[in-house]
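Q:
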Amino acid sequence: MYNEKRCASTTRYNDYHKGACKCGPPSGDSQFGWNHDHFVTAPNQMFFDEGYSGRCGQRCGKCVKLTTTGGYVPGQGSPTPAGQSHVFMVTNLCRNVYPNQNWCNQGTGPYGNGHNDYGYVAHFDLGNGANQISRIGWNNPEVTWEIVSCHGANTPTDEMYQHCQCAHHGKRSLNESTNGSENGF
Numbered sequence: 002m003y004n005e006k007r008c009a010s011t012t013r014y015n016d017y018h019k020g021a022c023k024c025g026p027p028s029g030d031s032q033f034g035w036n037h038d039h040f041v042t043a044p045n046q047m048f049f050d051e052g053y054s055g056r057c058g059q060r061c062g063k064c065v066k067l068t069t070t071g072g073y074v075p076g077q078g079s080p081t082p083a084g085q086s087h088v089f090m091v092t093n094l095c096r097n098v099y100p101n102q103n104w105c106n107q108g109t110g111p112y113g114n115g116h117n118d119y120g121y122v123a124h125f126d127l128g129n130g131a132n133q134i135s136r137i138g139w140n141n142p143e144v145t146w147e148i149v150s151c152h153g154a155n156t157p158t159d160e161m162y163q164h165c166q167c168a169h170h171g172k173r174s175l176n177e178s179t180n181g182s183e184n185g186f
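Residue numbers (this note's numbering): 2 to 186.
#1: At what residues does the beta strand (DSSP E) containing R189 begin and finish?
#2: What is the rounded straight-line gap between the Cα of D128 and the Cα of F33?
#3: Quick check: K23 and C167, are their CB atoms within less than 8 Å of each other?
#4: In angstroms, rounded to a whole number, what distance separates the CA positions of I148 and V65?
#5: How many Å lie between N4 and P142 at the Cα?
#6: Report the residue ranges of all alpha helix (DSSP H) runs contained in full by the stretch 93 to 177; include only those spanning at least 4 residues, in chain order.
#7: Go through its chain and collect everything with a Cβ distance to D16's Cβ below 8 Å, but skip five positions before and after it.
#8: Apart from the five residues just before and just after F48, which ones in its own chain have a Cβ nearer than 6 Å to its Cβ?
#9: Does the distance from the C-beta atom of A9 to that of W146 stay below 8 Å?
#10: Within 10 angstroms of the Cβ of N117, are there 16 or more other Cβ atoms? Answer buried if so, exposed if not.
#11: Taking H18 as part of the beta strand (DSSP E), name the residues at either end of that continuous run.
#12: Closest by CA to Y121, which one among H87, G72, F89, N140?
#13: Just to confirm, are N140 and S79 a CB contact at a threshold of 8 Å?
#14: If you compare alpha carbons, which of G20, T68, F125 is closest to G84?
#15: Mind reading off the beta-carbon distance from M90 to F40? Whole number of angstroms is fine, and I expect it under 8 Å.
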């Protein structure tokens with residue numbers, strides 16, 4: 002916890018596929034341009050979909066505000082000043098497969114019971130296809146998170162998301178009373 006909000010780990014990734022929320026043209030596996038160069042994220046399975054679906058998770062198209070704490074995992078990133086906030090849209094899933102196991106696994110690490118190898122319940126892999134994360138100076142910082150509306154500089158809009166193939170799979174409403182989370186996650 003930091004400033005009474007839950008903390009999460011982050012990493013950066015480059016991906017040219019439409020992802021688990023299917024944000025790309027119906028044929029093929031390429032992604033929409035905005036899914037490549039806007040603030041998008043691939044969270045770990047427990048955040049993406051507590052029902053463990055591989056596609057069209059319950060948080061596809063939701064947005065999360067990530068705010069740096071000033072912390073980071075030693076040897077895995079570098080410090081970023083506390084208080085930097087950006088809004089990211091969930092468009093993919095950080096699967097528990099190589100090379101993501103240390104970050105995206107939530108059950109077999111040293112913390113077990115829903116935590117990744119670094120002790121975090123939530124993890125956000127940040128899309129860096131156009132170096133948008135590098136440009137803001139984030140190198141795997143620790144962040145706090147809260148689910149928010151999709152209004153932010155360089156954040157995809159709800160209108161953009163409506164073109165994704167998972168857009169009509171039951172996007173749920175926000176519950177602001179539990180730190181923006183659903184079911185108290």
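Think of the CB as a built atom: it goes at the ideal place given N, C-alpha and C, for glycine as much as any other residue.
Computed from a prediction, not measured in an experiment: that's the story for all the values here.
A: Looking at the atomic coordinates:
#1: This structure does not reach residue 189, given that the chain is present from 2 up to 186, and the question cannot be answered.
#2: Residue 128 is actually Gly in this sequence, not Asp. Those two C-alpha atoms are separated by around 13 Å.
#3: yes
#4: 4 Å
#5: 16 Å
#6: 102 to 105, 133 to 136, 159 to 162
#7: Q32, A43, N93, G128, G130
#8: A123
#9: yes
#10: buried
#11: From DSSP, H18 is part of no beta strand (DSSP E); its letter is neither H nor E.
#12: G72
#13: yes
#14: T68
#15: 7 Å
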